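J.: If you count by full-length UniProt numbering, then the sequence shown holds residues 1 to 214, one letter each, in order. Positions of the beta carbon are idealized from the N, C-alpha and C atoms, including for glycine. This structure is a prediction, so every number in the text was calculated from the model and none was measured.
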Amino acid sequence: MKKINLVFEIKSMGWSFFLPLIVFLLFIYQLATYQGFSLYIYNTLEFLIAPLACWWIIHLYDEYFEGGLHELLPSYPLSRWYHGISRVLPFILMYLLLLVGSLWMVHSVVENQDYAPLLVYVGTLSLLFATVGFLLVAIFRNVMVSIVMIATYVVTEYLTNGEVMPWYHAMAFVSSPFSFRDVMSKAIVNGVLSGFFLLLGQTVLSMVLTKRYT
1 MKKINLVFEI KSMGWSFFLP LIVFLLFIYQ LATYQGFSLY IYNTLEFLIA PLACWWIIHL
61 YDEYFEGGLH ELLPSYPLSR WYHGISRVLP FILMYLLLLV GSLWMVHSVV ENQDYAPLLV
121 YVGTLSLLFA TVGFLLVAIF RNVMVSIVMI ATYVVTEYLT NGEVMPWYHA MAFVSSPFSF
181 RDVMSKAIVN GVLSGFFLLL GQTVLSMVLT KRYT
């Protein structure tokens, strides 16, 4: 299978690639100026850092769908996996690497916050948003629609504290240092859903490419 050219993919995203990096820098600044109000840190993690994991994944398909490239792709001798999972996984891993370092800083700054439960919970939450982004962009074939749908979900959850809408509530709404016991059930469900959405997104994308080819 042909290897993914990360440099080419990053250049193709243009300015969109740098937004998560800027947000992480701002988050580091928030940690550097932390004054003991842990709620703000956890809100940033749950409602900004984790949802932003979808950003690179969705923008990977800007040229595919909005540039009309998907109509030509089936004629190339590349597997469906190359256009889907093989393409998004490197960017998911890149985002998780940024997360690993940032969460270590959270662990160091927020008193009594253990690193392992923080990493497992925020990591699986980020993975969930990344895979949902992949699924949405495969279904709607539109970058803006996919981003707006995720943003709407996040804002609604934040404003209602996850108590109004009859859908799955991915966030645990933590406000203070937590242990595995506090978030493990959410982490497990989010992890399982991530795997499901990743495979479903691949299936939908394969169907789109096959339809264009036939």
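To the nearest angstrom, how far is the alpha carbon of tyrosine 64 from that of glycine 195?
T.: Taking the straight line from one Cα to the other gives about 23 Å.
J.: What is the rounded straight-line gap between the Cα of alanine 130 and the Cα of alanine 53?
T.: Distance between the alpha carbons of alanine 130 and alanine 53: 5 Å.
J.: Apart from the five residues on each side of it in sequence, which residues of its chain come closer than 8 Å, Cβ to Cβ, to valine 122?
T.: So the list reads Leu45, Glu46, Ile49, Ala50, Leu99, Leu103, once near-sequence residues are dropped.
J.: Just reading off the alpha helix (DSSP H) that asparagine 161 is part of, what are its end residues?
T.: Unbroken run through asparagine 161: none, as it is neither H nor E.
J.: For a test of the three-state rule: what should DSSP assign to serine 179, helix, strand or coil?
T.: In this structure, serine 179 counts as coil in the three-state DSSP scheme.
J.: Whose C-beta lies closer than 7 Å to the C-beta of isoleucine 4 among residues of the same chain, with five residues either side of it excluded?
T.: If we look at isoleucine 4 and ignore the five residues flanking it on each side, its Cβ neighbours are Ser86, Arg87, Pro90.
J.: Verify whether the separation of the beta carbon atoms of phenylalanine 178 and glycine 162 is less than 8 Å.
T.: No, Cβ-Cβ distance for phenylalanine 178 and glycine 162 is not below 8 Å.
J.: Report yes if the CB atom of valine 137 is closer than 8 Å to the CB atom of tyrosine 61, and no otherwise.
T.: Yes; because the gap between Cβ atoms is below 8 Å, this pair is in contact.
J.: Give every residue of the same chain whose Cβ lies closer than 8 Å to the Cβ of alanine 116, excluding the five residues on either side of it in the sequence, and list them in chain order.
T.: Phe180, listed in sequence order.
J.: Quick one: give me the first and last residue of the alpha helix (DSSP H) that valine 120 is part of.
T.: Unbroken alpha helix (DSSP H) run through valine 120: 115-140.
J.: If I'm right that tryptophan 56 touches phenylalanine 17 with Cβ under 8 Å, what's the distance once you round it to whole angstroms?
T.: Right, the Cβ-Cβ distance comes to about 7 Å (below 8 Å), so this counts as a contact.
J.: Using 8 Å for Cβ pairs, my map puts leucine 128 next to asparagine 190. What's the rounded Cβ distance?
T.: Indeed they touch by this definition, with Cβ atoms about 4 Å apart.
J.: Straight-line CA distance for glycine 201 to valine 110?
T.: Cα to Cα, the separation comes out at about 36 Å.
J.: Output the boundary residues of the alpha helix (DSSP H) element that contains proline 90.
T.: Where proline 90 is concerned, the enclosing alpha helix (DSSP H) stretches over 85-109.
J.: Could you please give the first and the last residue of the uninterrupted alpha helix (DSSP H) stretch that includes methionine 13?
T.: Note, methionine 13: alpha helix (DSSP H), 6-13.
J.: With a Cβ-Cβ cutoff of 8 Å, do methionine 171 and leucine 125 count as a contact?
T.: Yes, Cβ-Cβ distance for methionine 171 and leucine 125 is below 8 Å.
J.: Please identify the residue among Ser175, Ile58, Tyr153 whose C-alpha is closest to the C-alpha of proline 166.
T.: Of the candidates Ser175, Ile58, Tyr153, the one whose C-alpha sits nearest the C-alpha of proline 166 is Tyr153.
J.: Can you tell me where the alpha helix (DSSP H) holding tyrosine 29 begins and where it ends?
T.: From DSSP, the alpha helix (DSSP H) with tyrosine 29 extends over 18-32.
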